[in-house]
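> So that we are looking at the same thing, I have put the structure below in structure tokens.
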Amino acid sequence: MRTISKEELKELYEKDFPLWAEINLELLKEKAYELVDWENLLEEIEDMAKSDLKACISYLAVILEHLYKWDNLRSLTHGREKGGMGWIRSVEMAREDIKALLKRYPSLKNKLPMQIERAWAEAVKNIRKWLIKIDENPHGYKFPQKCPYTYEEAMTRDLRKELEK
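Have a look at this one:
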């Protein structure tokens, strides 16, 4: 491997991330710890640790969005979605995605329920976009500040049974 200064390596982080990662990996393998770009490497490791939790939060937001639409906005579909089946399938798929991630990364099981308000904020943002898309004024709707669903409800409520009623 060619010699590279710490300053050049830091610049490479912005200019050519894959090469930066490759060089840092080689430095770690060679135990040349003094040359590693620790600042950016630690930041990347932290981001990696957060990325799967972010994915779970996004899936949870989809669930909350569709539960809320099911409970409060079904009348706005005007026949476009037969009984909200698209929402039901979306909830079911998002739950499966969450379960898969929690199985793969068990440490997220305790963290995800604590993120319900963050997921709710994302859900409200998505509902507002949906309202605009169907030519509704999102400002005419008051959304609860606090998530109206518990984590347990989000993960277990059976909309198919509700549809059968």
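Once you know that position 58 of the sequence shown is 44 in the numbering used here, the rest is easy, because the numbers rise by one and skip nothing. Using N, Cα and C, we set each Cβ at its ideal position, and we do this for glycine too.
#1: Along the chain, where does the alpha helix (DSSP H) that runs through Lys89 open and close?
#2: According to DSSP, simplified to helix, strand and coil, what is Phe129?
#3: Three Cβ pairs or more, each shorter than 8 angstroms: is that satisfied between the stretch 21 to 40 and the stretch 91 to 110?
#4: Would you mind listing the alpha helix (DSSP H) stretches within the stretch -5 to 76 that are 4+ residues and don't spill past its ends, in chain order?
#5: Kindly indicate which three-state DSSP category Thr142 falls into: helix, strand or coil?
#6: At a cut of 8 angstroms, does the stretch 127 to 141 reach the stretch 100 to 113 through at least three beta carbon pairs?
#7: Drop a sphere of 10 angstroms on the beta-carbon of Leu126, count the other beta-carbons inside from all chains shown, and report buried for 16 or more, exposed for fewer.
#8: Does the beta-carbon distance from Val48 to Ala7 come in below 8 angstroms?
#9: Alpha carbon to alpha carbon, what distance is there between Met34 and Lys(-8)?
#10: So, with DSSP's three-state summary, where would you put Pro124?
#11: Quick check on Ile113: does DSSP put it in helix, strand or coil?
#12: Between Asp23 and Leu53, is the Cβ-Cβ spacing less than 8 angstroms?
The short version:
#1: Where Lys89 is concerned, the enclosing alpha helix (DSSP H) stretches over Met71 to Arg90.
#2: Looking at Phe129 - three-state DSSP - the assignment turns out to be coil, as it is neither helix nor strand.
#3: The stretch 21 to 40 makes contact with the stretch 91 to 110; the number of CB pairs closer than 8 angstroms reaches 3 or more.
#4: Listed in chain order, they are 3 to 15 and 24 to 58.
#5: Reduced to three states, the DSSP call for Thr142 is helix.
#6: Yes, since at least three Cβ pairs between the stretch 127 to 141 and the stretch 100 to 113 fall closer than 8 angstroms, the two stretches touch.
#7: Just to set this straight, residue 126 is Gly in the shown sequence, not Leu. By the neighbour-count rule (16 or more Cβ atoms within 10 Å), Gly126 is not buried but exposed.
#8: With contacts defined as CB atoms closer than 8 angstroms, Val48 and Ala7 fail to qualify as a contacting pair.
#9: C-alpha separation (whole angstroms): 23 angstroms.
#10: Taken through DSSP and simplified to helix, strand or coil, Pro124 comes out as helix.
#11: Looking at Ile113 - three-state DSSP - the assignment turns out to be helix.
#12: Inclusion of Asp23 and Leu53 in the CB contact set at 8 angstroms is not warranted, their separation being larger than that value.
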